[in-house]
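Quick notes on the structure that follows.
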Amino acid sequence: MIDAGERPNHVDGAAAPKPAAPGTPATLSLPRLIGWAAALLAAAGAVGGACTLVGIINLSDLTPQIWASRTMQMLTAGIVGASLAAGGLALQGLMRNPLAEPYILGISSGAGVGVMMGLAAAARLSLPAWASTPVLAFLGAMASCLAVYLVAQRHGRLDPYSLILSGVIVNIFNGAIMLAGNLYIDQYRIADFTYWAMGQLPDATPTSLLAVCGACVGAGWAVLLANSPAYNVLGLGDDVAASSGVSVHRLRLVTFGAVGVMTAAAVALAGPIGFLGLIVPHICRMAFGPDHRLGMIVTPLAGAIFLMIAETLCRSLGPALGLGRVPVGILTALAGGPFFIFLLRTRFRGAAA
Amino acid sequence: MNPQTDILQAADVAFAYRPDEPVLRGVSLTAASGRFTCLLGPNGSGKTTLLRCLMGQLAPSSGAITLDGRALRNYRPRELARVLAYVPQQPASSLAFSAGEIVLMGRYAHTGPLGLAGPGDLAVAREAMKMTDTLGFAARTLDELSAGEAQRVMIARALAQQPAVILLDEPTSHLDIRHQLNIYRMMRRLAHDWPMAVVCVSHDVNVAARLADELVLMRRGAVIASGTPDEVIRQDLLSQTYDIPVDLIATPDGGVPMVRAK
Chain V
45 MIDAGERPNH
55 VDGAAAPKPA
65 APGTPATLSL
75 PRLIGWAAAL
85 LAAAGAVGGA
95 CTLVGIINLS
105 DLTPQIWASR
115 TMQMLTAGIV
125 GASLAAGGLA
135 LQGLMRNPLA
145 EPYILGISSG
155 AGVGVMMGLA
165 AAARLSLPAW
175 ASTPVLAFLG
185 AMASCLAVYL
195 VAQRHGRLDP
205 YSLILSGVIV
215 NIFNGAIMLA
225 GNLYIDQYRI
235 ADFTYWAMGQ
245 LPDATPTSLL
255 AVCGACVGAG
265 WAVLLANSPA
275 YNVLGLGDDV
285 AASSGVSVHR
295 LRLVTFGAVG
305 VMTAAAVALA
315 GPIGFLGLIV
325 PHICRMAFGP
335 DHRLGMIVTP
345 LAGAIFLMIA
355 ETLCRSLGPA
365 LGLGRVPVGI
375 LTALAGGPFF
385 IFLLRTRFRG
395 AAA
Chain D
50 MNPQTDILQA
60 ADVAFAYRPD
70 EPVLRGVSLT
80 AASGRFTCLL
90 GPNGSGKTTL
100 LRCLMGQLAP
110 SSGAITLDGR
120 ALRNYRPREL
130 ARVLAYVPQQ
140 PASSLAFSAG
150 EIVLMGRYAH
160 TGPLGLAGPG
170 DLAVAREAMK
180 MTDTLGFAAR
190 TLDELSAGEA
200 QRVMIARALA
210 QQPAVILLDE
220 PTSHLDIRHQ
230 LNIYRMMRRL
240 AHDWPMAVVC
250 VSHDVNVAAR
260 LADELVLMRR
270 GAVIASGTPD
280 EVIRQDLLSQ
290 TYDIPVDLIA
300 TPDGGVPMVR
310 AK
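Top to bottom, those sequences are chains V and D. Residue 45 is where the first sequence starts when you use my numbering, and the numbers rise one by one after that. Residue 50 is where the second sequence starts when you use my numbering, and the numbers rise one by one after that.
Next up, the structure:
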């Protein structure tokens with residue numbers, strides 16, 4: 045019975061597991077979790093290495109500085125991708141809503157407002173970037189979380205339609221604040237800010253900022269992983285989850301908090317990158333099945349791989365097509381918009397109301 | 050009934066969603082191990098609200114609920130889940146998990162950080178599936194099963210919590226008469242053989258009267274009568290409960306008579 049449990053039953057991408065021997069409840073085992081974690085970590089490393097090379101292969105004078113900057117950029121892409129993908133998976137599990145993700149719910153744009161204010165404050169108060177930006181991004185993200193939650197919840201239950209709509213409203217509101225912010229930003233920095241707002245990985249990220257944001261993402265992810273069995277049980281409904289031992293209210297607070305921290309870190313590093321948190325968890329669910337414990341391990345790694353490849357495409361393909369370097373946030377939005385509509389048409393009907 | 054086996058007790062429980070509209074007005078109830086209790090009453094009589102109080106989801110505005118000699122409100126969620134389990138009216142339908150995985154989710158309160166099932170958990174899940182006759186489709190997903198099969202999986206999931214009390218909220222309201230009877234027989238067997246206290250909100254007087262050990266009649270947030278089916282299935286009590294004149298019709302096997310609204 046135990047050894048049968050180690051049989052990977054979702055890896056071939058089939059929706060239903062193959063029939064087990066009668067009387068064998070399919071289960072997730074530690075070796076299987078560790079195996080997939082190692083496999084995807086190796087894949088992420090390989091992709092990161094390959095993307096680093098692709099990004100600089102056509103440069104004639106390779107200096108150690110260019111190597112270092114490109115490696116840092118891939119590391120940033122990995123951290124941002126992992127953060128947004130894990131956040132999307134957690135929000136989808138928490139809300140039993142396949143359309144939930146940090147960007148659509150307005151958490152990213154809230155963090156964006158915070159970062160903008162951080163940039164303004166850093167200029168005036170001469171704070172170091174790593175101190176002001178992530179903290180204000182977090183405050184902005186949490187304010188948006190709170191707004192979306194308060195608008196969408198009724199009697200302690202989250203209505204999926206209200207949730208998406210309140211995300212739209214919060215996004216518009218935050219967008220207006222950011223546009224207004226453009227008026228007050230130093231005109232020499234406005235191009236930088238505009239690229240950042242489109243979701244562009246910067247060429248040079250201060251190491252201290254990267255370290256702080258990486259630590260935030262790691263800590264948030266650990267919290268989400270620890271709660272991943274609860275998202276499984278929550279899929280059976282709030283009452284069943286509560287009677288199974290899940291503190292539903294506490295789970296909501298902890299998840300919003302962790303996703304807020306992770307999103308804030310991602311936005312502080314690379315601007316609001318949309319739809320990655322929607323696309324990657326769905327692809328992983330198709331490939332690895334619905335279990336959030338395995339999902340919380342493979343999804344962030346897949347998100348890291350996804351963003352590293354997308355960033356490299358933007359860097360290499362854009363110039364090849366004569367478009368210049370396209371911010372990666374534009375690519376994910378162009379790919380994610382149609383994907384969102386596809387999910388809306390196919391999956392949303394089945395979402396728990 | 051031996052008082053030693055009384056595990057869940059509600060004493061004079063009152064509850065209101067809004068202050069001027071009491072839903073429960075001083076309800077007392079005892080669930081004993083080895084006894085299958087059915088709560089009967091018209092829609093809006095407070096059955097489900099009482100069940101939600103008994104499972105700790107709603108806090109009574111007055112009165113006391115004790116579970117295994119301790120106040121219910123003093124239980125932490127995981128602690129409570131090891132003593133008391135719940136089966137909803139209808140399983141969630143949008144799930145891609147297999148029946149076996151869902152039953153193993155019943156081990157949530159018994160397992161460690163990642164909820165990984167050990168050999169003991171697998172044995173408990175297997176036993177729960179055996180008792181509910183669901184082992185045959187352990188690998189099928191919930192939406193591939195019929196409504197009756199899916200509901201049996203949900204009962205197996207509750208059993209995997211190894212509870213002393215199981216609460217069910219109209220678990221057969223979407224089932225045909227054959228599956229309805231199967232579920233009620235299963236609950237009676239579980240109550241007697243496990244043994245545990247089974248409390249079930251029921252919308253069907255006749256199947257409840259036929260298989261329950263104890264019936265509790267509720268109307269407008271109060272208990273009209275409680276006792277064995279023989280004591281409670283009376284024309285006057287049922288007419289009063291459901292606000293409609295009823296006939297009692299003798300059954301061919303000479304058991305508890307059938308109830309029919311006039």
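Where is the CB? At the ideal position from N, CA and C, for every residue including glycine. Predicted model only: the values in this text are computed from it and were never measured.
Counting along the chain, D/Phe146 sits inside no beta strand (DSSP E), nor does DSSP assign it H or E at all. Inclusion of V/Thr120 and V/Ala314 in the CB contact set at 8 Å is warranted, their separation being smaller than that value.
For the region 278-292 of chain V, the set of positions with a beta-carbon nearer than 7 Å to some beta-carbon of chain D reads Gly279, Leu280, Gly281, Asp283, Val284, Ala286, Ser287, Ser288, Gly289, Val290, Ser291 in chain order. Taking V/Tyr275 as the centre and dropping the five residues before and after it, the same chain places the C-beta of Gly137, His336 closer than 6 Å to its C-beta, in chain order.
Pairing V/Pro146 with V/Val324, the inter-Cα distance amounts to about 13 Å. Taking C-alpha positions only, D/Leu260 is separated from V/Val261 by approximately 55 Å. Among the residues of chain V, those whose CB is under 7 Å from the CB of D/Gly164 are Pro273, Arg337, following chain order.
Among the residues of the region 118-137 of chain V, none has a Cβ less than 7 Å away from any Cβ of chain D. In this chain, the beta strand (DSSP E) harbouring D/Met307 covers 307-310. Three or more Cβ pairs drawn from the region 206-225 of chain D and the region 125-136 of chain D lie within less than 8 Å of each other, which places the two stretches in contact. Taken through DSSP and simplified to helix, strand or coil, D/Ala65 comes out as strand.
Residues are counted here when their Cβ sits less than 9 Å from a Cβ of chain V; for the region 232-247 of chain D the count is zero. The residue among D/Leu286, D/Ala145, D/Tyr291, D/Val152 with its C-alpha nearest the C-alpha of D/Met180 is D/Val152. Scanning chain V for C-beta atoms nearer than 7 Å to the C-beta of D/Arg127 yields Gly289, reported in chain order. Between V/Ile327 and V/Val372, the C-beta gap is not smaller than 8 Å, which leaves the two residues out of contact. Interface residue (Cβ-Cβ distance to chain V less than 8 Å): D/Leu133 is classified as such. In this structure, D/Ala310 is the residue among D/Ala310, D/Leu165, D/Leu99, D/Phe186 with its C-alpha nearest to the C-alpha of D/Asn255. Note that the C-beta distance between V/Ala377 and V/Ser127 is not below 8 Å. For V/Pro108 and V/Ala90, the gap between their C-alpha atoms comes out near 20 Å. Between V/Met306 and V/Ala130, the CB-CB gap stays under 8 Å. The Cβ-Cβ distance between D/Pro140 and D/Ala199 falls below 8 Å.
Against chain V, a Cβ distance below 7 Å from D/Pro137 picks out Gly281, Asp283, Val284. When Cβ-Cβ separations below 8 Å define contact, D/Ala158 makes contact with chain V. Nearest Cα to V/Arg329 within the set V/Ile110, V/Gly122, V/Ala134: V/Ala134. Between V/Ser176 and V/Gly154, the gap from beta carbon to beta carbon reaches 8 Å or more. By the rule that beta-carbons nearer than 8 Å mark a contact, V/Ser210 does not touch chain D.
Annotation for V/Ile317: no beta strand (DSSP E) segment contains it, and DSSP assigns it neither H nor E.
Close to chain D, meaning a Cβ-Cβ distance shorter than 7 Å, is no residue of the region 141-163 of chain V at all. Note on D/Thr300: under 16 other CB atoms within 10 angstroms of its CB, so exposed under the neighbour-count rule. Counting along the chain, D/Ala246 sits inside the beta strand (DSSP E) bounded by residues 246-250.
Those residues of the region 99-115 of chain D placed with their C-beta closer than 7 Å to a C-beta in chain V are Met104, Gln106, ordered along the chain.
Assignment of D/Pro71 by DSSP, reduced to helix, strand and coil, places it in the strand class. In the DSSP assignment, D/Met267 falls within the unbroken beta strand (DSSP E) covering 263-268. The alpha carbon of V/Ala285 has as its nearest neighbour, out of D/Gly155, D/Pro220, D/Asp117, D/Arg237, the alpha carbon of D/Gly155.
The alpha-carbon separation between D/Tyr291 and V/Asn141 amounts to approximately 40 Å. Collapsing the DSSP output to three states places D/Gly276 in a strand.
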